[in-house]
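Step one of this worksheet: look at the structure below.
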Amino acid sequence: MSLSGSFNRNVALSGSKQAGVGLLLGEQKDSNVVLVKQVVPRGPADRTGRIKVGDQILRVNQNDCVGMPVSSMRDLIKGEMGSTVRMTFRSETTGEV
12 MSLSGSFNRN VALSGSKQAG VGLLLGEQKD SNVVLVKQVV PRGPADRTGR
62 IKVGDQILRV NQNDCVGMPV SSMRDLIKGE MGSTVRMTFR SETTGEV
């Protein structure tokens with residue numbers, strides 16, 4: 012998947028007492044894309060107000076995640092309390108990156 016010609020929407024999510032960022036993930040059938048299946052209410056991702064169900068996850072920190080299994084991506088997203096994870100999404104509704 013090429014990102015050329017697009018602009019990035021990077022969202023920095025600060026960890027809380029939880030190890031993750033407050034997203035439930037799933038794989039889209041017939042593609043190599045991981046989607047946001049649920050945004051946990053009041054979690055770090057929800058507090059940004061920018062991440063929606065159906066958004067595709069393209070990068071986590073400096074890692075290209077296209078074709079990556081959900082289990083591997085979860086390991087990249089988890090972190091120490093107070094750490095920051097930088098993620099790049101493509102909106103399901105607008106196609107915006």
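Just so you know, the working numbering puts 82 at position 71 of the sequence shown, and the rest follows in order with no gaps. No residue lacks a Cβ here, since even glycine has one placed at the ideal position from N, Cα and C.
- Fully enclosed alpha helix (DSSP H) runs of no fewer than 4 residues occupy 55 to 59, 81 to 88 of the stretch 34 to 99, in order along the chain.
- For the pair Asn43 and Ser94, the Cα-to-Cα distance works out to about 28 angstroms.
- In terms of Cβ geometry, Val64 and Lys40 do not form a close pair [threshold 8 angstroms].
- In this structure, Arg97 sits near Asn72, with a CB-CB distance shorter than 8 angstroms.
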